[in-house]
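Enquirer: In the UniProt record's numbering, the protein residues as written are 1 to 177.
All C-beta atoms, glycine included, are put in the ideal place defined by N, C-alpha and C.
Supplied in structure tokens, the structure appears directly below.
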Amino acid sequence: MQKEKLSALMDGETLDNELLNELERSSEMQKTWESYHLIRDTLRGDTSEVLHFDISARVMAAIENEPVRQTVPLIPESQPAPHQWRQMPFWQKVRPWASSLTQMGVAACVSLAVIVGVQQYNGQSDSSQQPEAPVFNTMPMMGKASPVSLGVPADASAGSGQQAQVQEQRRRINAML
Numbered sequence: 001m002q003k004e005k006l007s008a009l010m011d012g013e014t015l016d017n018e019l020l021n022e023l024e025r026s027s028e029m030q031k032t033w034e035s036y037h038l039i040r041d042t043l044r045g046d047t048s049e050v051l052h053f054d055i056s057a058r059v060m061a062a063i064e065n066e067p068v069r070q071t072v073p074l075i076p077e078s079q080p081a082p083h084q085w086r087q088m089p090f091w092q093k094v095r096p097w098a099s100s101l102t103q104m105g106v107a108a109c110v111s112l113a114v115i116v117g118v119q120q121y122n123g124q125s126d127s128s129q130q131p132e133a134p135v136f137n138t139m140p141m142m143g144k145a146s147p148v149s150l151g152v153p154a155d156a157s158a159g160s161g162q163q164a165q166v167q168e169q170r171r172r173i174n175a176m177l
């Protein structure tokens, strides 16, 4: 009921002196008043880019209320005593070292195989897809280079040479297709 009266006071619908006096005295009511104004400003879009509100007290209280959990190792480590170590067979002494060494050896072999395989794969793909023909062709499409600003018709005597060049270019284009 108090929150409804506080909301009405904030909206300007009522002016209750008792509520104002309680608002002055109660820190809880002041926090609610501040929260209501923050909500209203946010809904209207009147908030600044940086909001100044303190949640540290609530976070600290929540942390204090959490139960303390202690972790217990599931499998306790057991190491043999020196007199037991002397009585153990040789293979039981070597087994931990051998298993670690085996795991590292397998990992190294797999890494080596991957590196060599990738290098071989990349090396073969580069050499097999390299074109034999030159990449940059300086021969113009019409067979004869001419300046851009000069509009001279082609000579009739150069026509047979141009025909051969045009046929060669068509043959190259058809070979690419």
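1) Cβ-heavy atom distance between Leu-19 and the ligand FAD below 7 angstroms?
2) What did DSSP end up calling Pro-82 once you bin it into helix, strand or coil?
3) Is the separation between the beta-carbon of Lys-5 and that of Leu-15 shorter than 8 angstroms?
4) For Gln-70 and Met-88, what's the separation of their Cα atoms in angstroms?
5) In chain order, what residues of the same chain have a beta carbon less than 8 angstroms from the beta carbon of Trp-33, not counting five sequence neighbours either side?
6) What is the DSSP secondary structure of Asp-11, counted as helix, strand or coil?
7) Look up Ile-55 in the DSSP assignment and say whether it is helix, strand or coil.
8) Anyone know if the C-beta pair for residue 181 and Thr-47 falls short of 8 angstroms?
9) Can you tell me which of Arg-171, Lys-3, Val-114, Ala-108 puts its alpha carbon nearest to the alpha carbon of Gln-30?
10) According to DSSP, is Ile-63 part of a helix, a strand, or is it coil?
11) Any idea if Asp-126 is buried or exposed, counting beta-carbon neighbours within 10 angstroms, 16 or more meaning buried?
12) If you draw a straight line from the C-alpha of Thr-102 to the C-alpha of Met-176, how long is it?
13) Quick one: Cα of Glu-13 to Cα of Ser-27, how far?
14) In angstroms with no decimal places, state the Cα-to-Cα distance between Phe-90 and Gln-79.
Expert: In short:
1) This structure lacks the ligand FAD, and indeed carries no ligand of any kind.
2) helix
3) no
4) 35 angstroms
5) Leu-6, Met-10, Leu-23
6) helix
7) coil
8) Nothing about residue 181 can be reported from this structure: the residues present for the chain run from 1 to 177 only.
9) Lys-3
10) helix
11) Any reading at Asp-126 must be qualified, since the residue scores a pLDDT of 48, below 50, and its modelled position is unreliable; the value itself is stated next. Exposed, by the Cβ-count rule.
12) 54 angstroms
13) 23 angstroms
14) 16 angstroms
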